[in-house]
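Order-wise, the sequence lines are chains W and G. Numbering follows the working numbering, with no gaps: position 245 of the first sequence is 230. Numbering follows the working numbering, with no gaps: position 147 of the second sequence is 467.
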Amino acid sequence: MTWQLHLATLTPTPRLEVPMLRDTMIIFRYQMRLLLREPVWIIIVMIQPLLYLALFAPLLEPIAKTKGFPPGDAWQVFVPGLLIQLGIFGSMFVGFGIIAEIRFGTIERMRVSPASRLGLLMGRILRDTLVLLVQATLLTLIAVVFGLRMPVLGAIITIAIVGLLGVSLSSLSYAAGLWLKSEDALAPLLNMVSVPVLLLSGILLPMTLAPGWLRHLAQANPFSHVVDGSRAAFRGDYGDSAVVIGLVAAGALAVLGLWVANRTFQRESA
Amino acid sequence: MIEARGLARTFKTRTGTVEAVRGIDLDVTAGEIVGLLGPNGAGKTTTQRMLATLLVPTAGEATVAGCDLRRDPIGVRRQLGYVSQSGGTNPACKVDEELTTQAELYGVSRADARERAKALRETLDLADLGDRLIKSLSGGQRRRLDIALGLVHAPKLVFLDEPSTGLDPHSRANLWTHIRNLRDRMKTTILLTTHYLDEADALCDRILIIDHGKIVATGTPEELKRRISGDLVTFDVDDAVKATEVLRARPEARDVTPVERGLRVTVDKGEEQALPLMRALDAAGVKVGALQIAHPSLDDVFLTLTGRSLRDDAPPP
């Protein structure tokens, strides 16, 4: 009896919007609900940069007077680096989440629906990026309390760069997770990649302090340009070509990440 | 509903190429419950995943729910409900969140999706569980939720991969009722895989026995059992010698063998042929104390076809 009644309500509805965007939003809402059920994780991810701010930044005050330290005060040099670090480390571990989802079977369940593959992925990346933007804004405001002074536009440019990095690294992390399908393989891969990226980007100490060979090596790391651009933006030096180069580098990394992740996710066995 | 020809799939592994499915022909008509029966590693899941567009076949063609598998996979996905062996729910999610999200992915509006979630919960005995976290559900409830998730778009065709694995006997029987209702009341066509004989026997109109990636036999459960081994009829008799003589004269009685306190014969249809045989014994003056008819199990069928028992879960060589 109940079955017949239900049949009446179970008529297919035609799709009106762009399916990819619609599916992105469905997945974004789904993932946000899950995240907000355990909001404590959003805070935990922020503890590390806060510790850097409280326990490492004071060490920079004397170093800021050293020859070779870039223009701007210690905070203006250090906080952009910290924001980029948050962008990298806050996003690169999302691949563990997709491995868990593969194990739950939710990924396969969604893939068997006619939903857009890119949409299924973009909804997750959108959540990760939004979380990151909130964290970056909070961190910047807390740094102001500590003594940071910077132009508002500079902070907005830097946070935009952080957002692009978030898109890039969460995409690449999802691609790696889909490809490896194992936490035990993903963890060493992330360590292997993250440490050189971190050391060669001048996040902790500016590369202007580095000897020539190290500085040249860092030039090859797109993240070092991103950091340079953020620092120029934080000083309010918008005419510096570093700002444009930083934005372009972050944008290119985002496009590259999305392309790799989309290709991986389209693959049948992913 | 499904028409597949020469469907095959090979996997490349570090040790070489594995032929998981080697050329399967398969026909399922609307309203049928068809079972793919075979041991683990026989190629059941691979076959289903190919037909569900989750794996691209290495060879072969198929039409699923009127759509060509290779040319129109999106069309297939729209028509098909797929419930995988391990299910597909996030334990941290609530029941209705999963149901509405899945319905929305099929293009259903949000308000409509909520209606469907409610309707499906009611039909699958999950009525009051909409707000419950999935990790708090019992095994049987979780399995019914998996099935509900495969039905959010009211598909004409549903694939169930090992639907009752890991359930206790009570939940299992309950699940079978729901699967039967799905066909009887909603006219849904069902293709399920199982390595349980009782499940294939209890649910399926037709069974395809699959072994080492090939279909080795097809038929209704009864046909298969009869075709392979026939029924065993055992007579308890006082005069085994005379009885043997009488039964050997009858063309329908095959393999007359003496057993303890009597004789065993193999016949095509036990219920129909046992009584005439007994009357013949009676007419010849042999006293028949008891009569027993035994049907071969699907395991006997499998053993006859492949030389291996279905219960050996050994991977294929």
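Even glycine gets a Cβ: it sits at the ideal position worked out from N, Cα and C. No experiment lies behind these values; they were computed from the predicted model shown.
Buried/exposed call for residue i, threshold 16 Cβ in 10 Å
| i | result |
| --- | --- |
| M177 of chain W | exposed |
| D558 of chain G | exposed |
| Y223 of chain W | exposed |
| S429 of chain G | exposed |
| V348 of chain G | buried |
| Q612 of chain G | exposed |
| R329 of chain G | buried |
| L511 of chain G | buried |
| R252 of chain W | exposed |
| T(-6) of chain W | Note that T(-6) of chain W scores a pLDDT of 47, beneath 50, so its modelled location is shaky; the value from the coordinates is reported in the next line. By the 10 Å Cβ count, T(-6) of chain W comes out exposed. |
| R369 of chain G | buried |
| I32 of chain W | exposed |
| V116 of chain W | buried |
| F131 of chain W | exposed |
| S167 of chain W | exposed |
| L36 of chain W | exposed |
| P619 of chain G | Before going further, note that residue 619 of chain G is Asp rather than Pro in the sequence given. Looking at its Cβ environment, which holds fewer than 16 other Cβ atoms inside 10 Å, D619 of chain G is exposed. |
| F208 of chain W | buried |
| W60 of chain W | buried |
| D316 of chain G | This structure gives no information on residue 316 of chain G, because the portion of chain G shown stretches from 321 to 637. |
| P475 of chain G | buried |
| R599 of chain G | exposed |
| G261 of chain W | With chain W covering -14 to 255 only, the question about residue 261 of chain W has no answer from this structure. |
Same chain only: Cβ atoms within 6 Å of residue i, ignoring 5 sequence neighbours per side
| i | result |
| --- | --- |
| L449 of chain G | V415 |
| F479 of chain G | Q368, A372, Y402, L511 |
| P635 of chain G | Unreliable placement is indicated for P635 of chain G, whose pLDDT of 45 sits below 50; no coordinate value is reported for it. |
Terminal residues of the alpha helix (DSSP H) in which residue i lies
| i | result |
| --- | --- |
| L149 of chain W | 137 to 165 |
| T367 of chain G | 364 to 371 |
| Q612 of chain G | Not the alpha helix (DSSP H): Q612 of chain G falls in the beta strand (DSSP E), residues 608 to 614. |
| G108 of chain W | 102 to 131 |
| E417 of chain G | 415 to 425 |
| A382 of chain G | Looking at the DSSP string, A382 of chain G is not in any alpha helix (DSSP H); the run it does join, the beta strand (DSSP E), is 379 to 384. |
| D271 of chain G | Residue 271 of chain G is absent from the structure shown; chain G starts at 321 and stops at 637. |
| R570 of chain G | No alpha helix (DSSP H) contains R570 of chain G, which DSSP labels as neither H nor E. |
| T626 of chain G | 618 to 626 |
| P596 of chain G | 590 to 603 |
| T91 of chain W | 91 to 96 |
| F63 of chain W | 59 to 76 |
| F13 of chain W | 4 to 22 |
| N176 of chain W | 168 to 184 |
| A522 of chain G | 517 to 523 |
| M31 of chain W | 25 to 36 |
Close-in-space but distant-in-sequence residues of the same chain around residue i (CB under 7 Å, 5 per side omitted)
| i | result |
| --- | --- |
| S101 of chain W | P4, M5, D8 |
| T365 of chain G | Q405, D481, T513 |
| D113 of chain W | S76, V79, G151, S155 |
| I146 of chain W | V211, G214, S215, G231, L232, A235 |
| L241 of chain W | S153 |
Neighbourhood of residue i by C-beta distance below 8 Å, restricted to the same chain and skipping five residues each side
| i | result |
| --- | --- |
| L374 of chain G | Y402 |
| V228 of chain W | I142, G214, A217, A218, D222 |
| D588 of chain G | R546, G550, D551, E572 |
| I344 of chain G | A324, G326, L327, A328, G363, T367, G380, I530, G533, K534, I535 |
| W26 of chain W | L20 |
Start-to-end residues for the beta strand (DSSP E) that takes in residue i
| i | result |
| --- | --- |
| K534 of chain G | 534 to 539 |
| I510 of chain G | 509 to 514 |
| V585 of chain G | 582 to 587 |
| L688 of chain G | This structure cannot settle anything about residue 688 of chain G, because the visible part of chain G is limited to 321 through 637. |
| Y402 of chain G | 400 to 403 |
| G407 of chain G | First-last for G407 of chain G: undefined, no H or E at that position. |
| I529 of chain G | 526 to 531 |
| A324 of chain G | 322 to 333 |
| G355 of chain G | 353 to 357 |
C-beta neighbour in chain C for residue i, strict 9 Å
| i | result |
| --- | --- |
| I141 of chain W | Of the chains in the structure shown, none is chain C; the protein chains are W and G. |
| said: Beta carbons nearer than 7 Å to chain G: which residues of the stretch 93 to 118 of chain W have them? | reply: Within the stretch 93 to 118 of chain W, the qualifying residues are E93, R94, M95, R96, V97, S98, P99, A100.
| field | Members of the stretch 391 to 417 of chain G near chain W, C-beta cut-off 8 Å | value | Listed by position, the residues of the stretch 391 to 417 of chain G near chain W (Cβ gap below 8 Å) are I394, R397, R398, L400, Y402, S404, S406, G407, G408, T409, N410, P411, A412, C413, E417.
| request: Note down, in chain order, all residues in the stretch 334 to 352 of chain G with a beta-carbon under 8 Å from any beta-carbon belonging to chain W. | output: Taking 8 Å as the cut-off between beta carbons, none of the residues of the stretch 334 to 352 of chain G comes near chain W.
| Mind listing which residues of the stretch 19 to 48 of chain W have their C-beta closer than 7 Å to chain G's C-betas, in chain order? | Within the stretch 19 to 48 of chain W, those residues whose Cβ lies closer than 7 Å to any Cβ of chain G are, in chain order, L19, R22.
| message | For the stretch 428 to 448 of chain G, list every residue whose C-beta sits within 7 Å of some C-beta in chain W, in sequence order. | response | Residues passing the 7 Å Cβ filter: V428, S429, D432, E435, R436, A439, E442, T443.
| Quick one, which residues of the stretch 357 to 388 of chain G are near chain W if we go by CB-CB under 8 Å, in chain order? | Here the close residues are A372, T373, L374, L375, V376.
| said: Output needed in chain order: residues of the stretch 453 to 469 of chain G with a Cβ under 8 Å from some Cβ in chain W. | reply: Per Cβ criterion, the list reads L469.
| request: Anything in the stretch 65 to 97 of chain W with a Cβ closer than 9 Å to a Cβ of chain G? List those residues in chain order, please. | output: If you check each beta-carbon in the stretch 65 to 97 of chain W against every beta-carbon of chain G, the ones closer than 9 Å belong to A85, E86, R88, F89, G90, T91, I92, E93, R94, M95, R96, V97.
| said: Using a Cβ-Cβ cutoff of 7 Å, what residues of the stretch 4 to 17 of chain W are near chain G? List them in chain order. | reply: Listed in sequence order: D8, I11, Y15.
| said: My parser needs the alpha helix (DSSP H) runs of 4 or more residues fully inside the stretch 201 to 254 of chain W; what are they? | reply: Entirely contained in the stretch 201 to 254 of chain W, the alpha helix (DSSP H) runs reaching 4 residues are, in chain order, 207 to 220, 226 to 251.
| message | As an exercise, report each continuous alpha helix (DSSP H) stretch of at least 4 residues that is fully enclosed by the stretch 450 to 512 of chain G, in chain order. | response | Runs of alpha helix (DSSP H) with 4 or more residues, each lying fully within the stretch 450 to 512 of chain G, are found at 459 to 470, 489 to 506, listed in chain order.
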